[in-house]
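Q: I'd like to ask some things about the structure below.
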Amino acid sequence: WRPSTRFFQPGVRRIFWLLIPVLIGQATGEVNKLVDTLFATILGPDKVKALFAANRLVQLPLSVFGIAVAAAILPSTSRAGARKDYDEIRQTLAHGLRQTFFLVLPALLGLILLRRPIVSLLFERGAFSAADTEQASTALLFYGLGLLSFVWVKVLAAGFYSIQDTKTPVIVASASMLLNILLNCVLVGPLGYRGLALATTLSFTVNFLFLFVLLSDRFGVLLDKAALRILWHISIAAGIMAAVAYGAYIRTHQYFPETTLLDRAICVLLPLACAIGSYVALCALLNVPDLRYFLALGRRRK
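If you're matching positions, the sequence shown starts at 2 in the numbering used here and goes up one per residue.
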């Protein structure tokens, strides 16, 4: 065997040209961060610090859930695309949207409701003051509102890649990037650094809506009545979970006033444990199929 140097075969060239828009699309996200940082620099270094901390926290569920699910469904959608089985692509995408909703919605609510103790636990030390914690918590609120859109954009992009259409996602992402810059200019005046986080959320929400409509036109309705009913059950479970988590935090804070690192850890971890337990129990009670799927997946891996 010897390594091949025939890089200009038709198949290799096609992969290369399909890959270029994907790389450009990934770059638009980094450009968004750069633009937000430039605007925040004008407002002051403390605002840069707040946006950075909030963005780091949002990236965790985005990477763990969104990118992971998108990568998991891409082989299935690609095989279906090769067979031109568009109904299977639609079903796989709907399954991916449901799975990420099941995973991300409780994470979103948890980040929003417990944003201050989470930021305090992870960042408040050294040069990161209590005032920085308050600003980062506020930025996390506005970023967190867009978390579901951030994740669903990743999932829907797999639908376009499955039919070798890598141009449409990058066109929509580029338009979203321009919208983000425009919204930054409009919102930074009245809202300051909060407007920068809100602009990112709004631009990604528009990005998601465009991709969702375009894919629905190509493959049919992605979320039918049965899927919407499941999403509604998940929303009920997540809403009750949020109330349990916040109540647990208020109660825990009475005994552990967050004056030490251990207090902060208890005020985050105990409500999170209550939240996870209540969410799993409620999803089981409401017969949410995605819970059964992930439990079965965990048993198979053992």
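Glycine residues also receive a C-beta, built at the ideal position from the N, C-alpha and C atoms. As the structure is a prediction and not an experimental result, all values here were calculated from the model.
Could you check what DSSP says for Asn288 in three-state terms: helix, strand or coil?
A: Walking along the sequence shown from the start, residue 288 turns up at place 287. Asn288: coil per DSSP, three-state reduction.
Q: Grab me the residues of Glu125's own chain with a C-beta within less than 7 Å of its C-beta, minus the 5 sequence neighbours each way, in chain order.
A: By 1-based counting over the sequence shown, the position of residue 125 is 124. Hits under 7 Å: Ala131 and Thr134.
Q: Specify, as a first and last residue, the run of the alpha helix (DSSP H) that Arg116 falls within.
A: Position 115 of the sequence shown, counted from the start, is the residue given in the question as residue 116. Here the alpha helix (DSSP H) through Arg116 covers Arg116 to Phe124.
Q: Taking the straight line between their C-alpha atoms, what separation do you get for Val13 and Pro76?
A: Stepping through the sequence shown from its first residue, residue 13 is reached at position 12. Stepping through the sequence shown from its first residue, residue 76 is reached at position 75. Low confidence applies to Val13: its pLDDT is 49, below 50, so where it sits in the model is not reliable enough to give any reading.
Q: If you drop the 5 nearest sequence neighbours on each side, which residues of the same chain put their C-beta closer than 7 Å to that of Thr201?
A: Sequence index remark: in the sequence shown, residue 201 carries index 200 (1-based). Here the set comprises Asn33, Asp37, Tyr144, Gly147 and Asn181.
Q: Taking 8 Å as the cut-off, decide whether the C-beta atoms of Ile90 and Ala83 are in contact.
A: What you label residue 90 is simply residue 89 of the sequence shown in a count that begins at 1. What you label residue 83 is simply residue 82 of the sequence shown in a count that begins at 1. Cβ distance not < 8 Å, so Ile90 and Ala83 don't count as in contact.
Q: Going by beta-carbon coordinates alone, are Val105 and Val152 separated by less than 8 Å?
A: If you number the sequence shown from 1, residue 105 lands on position 104. If you number the sequence shown from 1, residue 152 lands on position 151. A distance below 8 Å separates the beta carbons of Val105 and Val152.
Q: Would Asn56 be called buried (16 or more neighbouring beta carbons within 10 Å of its own) or exposed?
A: In the sequence shown, the residue the question calls residue 56 occupies position 55. By the neighbour-count rule (16 or more Cβ atoms within 10 Å), Asn56 is buried.
Q: Looking at Ala249 and Cys284, is the spacing between their C-beta atoms short of 8 Å?
A: The sequence position of residue 284 within the sequence shown is 283, counting from 1. The sequence position of residue 249 within the sequence shown is 248, counting from 1. No. Outside cutoff.
Q: Buried or exposed: where does Ile43 fall if 16 or more other Cβ atoms within 10 Å of its Cβ makes it buried?
A: Residue numbering aside, residue 43 sits at position 42 when the sequence shown is read from its first letter. Result: exposed.
Q: Going by beta-carbon coordinates alone, are Glu31 and Pro118 separated by less than 8 Å?
A: Translated into positions along the sequence shown, residue 31 becomes position 30. Translated into positions along the sequence shown, residue 118 becomes position 117. No. Outside cutoff.
Q: Look at the alpha carbon of Leu262 and the alpha carbon of Ala137, and state the distance between them as a whole number of angstroms.
A: As a position in the sequence shown, residue 262 is number 261, starting the count at 1. As a position in the sequence shown, residue 137 is number 136, starting the count at 1. Approximately 18 Å, taken between the alpha carbons.
Q: Is the closest heavy atom of the ligand SAM to the C-beta of Leu106 under 7 Å?
A: Absence of the ligand SAM from the depicted structure is noted, as is the absence of any ligand whatsoever, leaving it without description.
Q: Do you know whose CA, among Gly45, Arg219, Ile231 and Val281, lies nearest Ala243's CA?
A: Translated into the one-based positions of the sequence shown, residue 243 becomes position 242. Comparing Cα-Cα distances from Ala243 to each of Gly45, Arg219, Ile231 and Val281, the minimum goes to Val281.
Q: Rounded to whole angstroms, what is the Cα-Cα separation between Phe161 and Val120?
A: If you number the sequence shown from 1, residue 161 lands on position 160. If you number the sequence shown from 1, residue 120 lands on position 119. Each residue's Cα considered, the two are about 36 Å apart.
Q: To which residues of the same chain is Leu110 closer than 8 Å at the C-beta, ignoring the five residues directly before and after it?
A: Reading the sequence shown from its first residue, position 109 is the one you call residue 110. In chain order, Ala239, Gly240, Met242, Ala243 and Ala246 place their CB closer than 8 Å to the CB of Leu110, counting only its own chain and leaving out the 5 sequence neighbours on each side.
Q: Rounded C-beta distance between Tyr87 and Phe220? I'm assuming under 8 Å.
A: In the sequence shown, residue 87 corresponds to position 86, counting from 1. In the sequence shown, residue 220 corresponds to position 219, counting from 1. Rounded, the Cβ-Cβ distance is 5 Å, consistent with contact.
Q: Quick one: measure Cβ to Cβ for Ala140 and Leu52, integer angstroms, because I've assumed they're closer than 8 Å.
A: Numbered from its first residue, the sequence shown carries residue 140 at position 139. Numbered from its first residue, the sequence shown carries residue 52 at position 51. Confirmed, about 5 Å.
Q: Using alpha carbons as the reference points, say which of Thr169, Cys268, Leu94 and Phe103 lies closest to Trp233.
A: For the purposes of this step, residue 233 is taken as the residue at position 232 of the sequence shown. Comparing Cα-Cα distances from Trp233 to each of Thr169, Cys268, Leu94 and Phe103, the minimum goes to Phe103.
Q: With a 10 Å radius around its C-beta and 16 neighbouring C-beta atoms as the bar for buried, classify Leu288 as buried or exposed.
A: Within the sequence shown, the letter at position 287 stands for residue 288. In the sequence on display, residue 288 carries Asn and not Leu. So Asn288 counts as exposed.
Q: Compare the beta carbon distance of Ile68 and Lys155 with 8 Å and say whether it is the shorter of the two.
A: Walking along the sequence shown from the start, residue 68 turns up at place 67. Walking along the sequence shown from the start, residue 155 turns up at place 154. Yes. Within cutoff.
Q: Can you tell me which of the three DSSP states Thr38 falls into?
A: For the purposes of this step, residue 38 is taken as residue 37 along the sequence shown, with counting starting at 1. Helix.
Q: For His254, which residues from the same chain have a beta carbon less than 6 Å from its beta carbon, with the 5 sequence-adjacent residues on both sides left out?
A: As a first step, residue 254 is located in the sequence shown; it is residue number 253 there, counting from the start. Correct list, in chain order: Cys268.
Q: Which ranges does the alpha helix (DSSP H) cover as unbroken runs of at least 4 residues, wholly within the region 183 to 230, from first to last along the chain?
A: 194 to 220
Q: My output table needs one value for Thr261: the three-state DSSP class, helix, strand or coil.
A: Numbered from its first residue, the sequence shown carries residue 261 at position 260. Three-state DSSP puts Thr261 in coil, outside helix and strand.
Q: As a quick exercise: from Leu122, Gln92 and Leu223, pick the residue whose alpha carbon is nearest that of Ala54.
A: Here residue 54 refers to the residue found at position 53 when the sequence shown is read from its first residue. Among Leu122, Gln92 and Leu223, the Cα nearest to that of Ala54 is on Leu122.
Q: Assuming Asn208 contacts Val173 (C-beta within less than 8 Å), just tell me the rounded distance between them.
A: As a position in the sequence shown, residue 208 is number 207, starting the count at 1. As a position in the sequence shown, residue 173 is number 172, starting the count at 1. Separation of the CB atoms of Asn208 and Val173 is rounded to 6 Å, and the pair is thereby assigned contact status at 8 Å.
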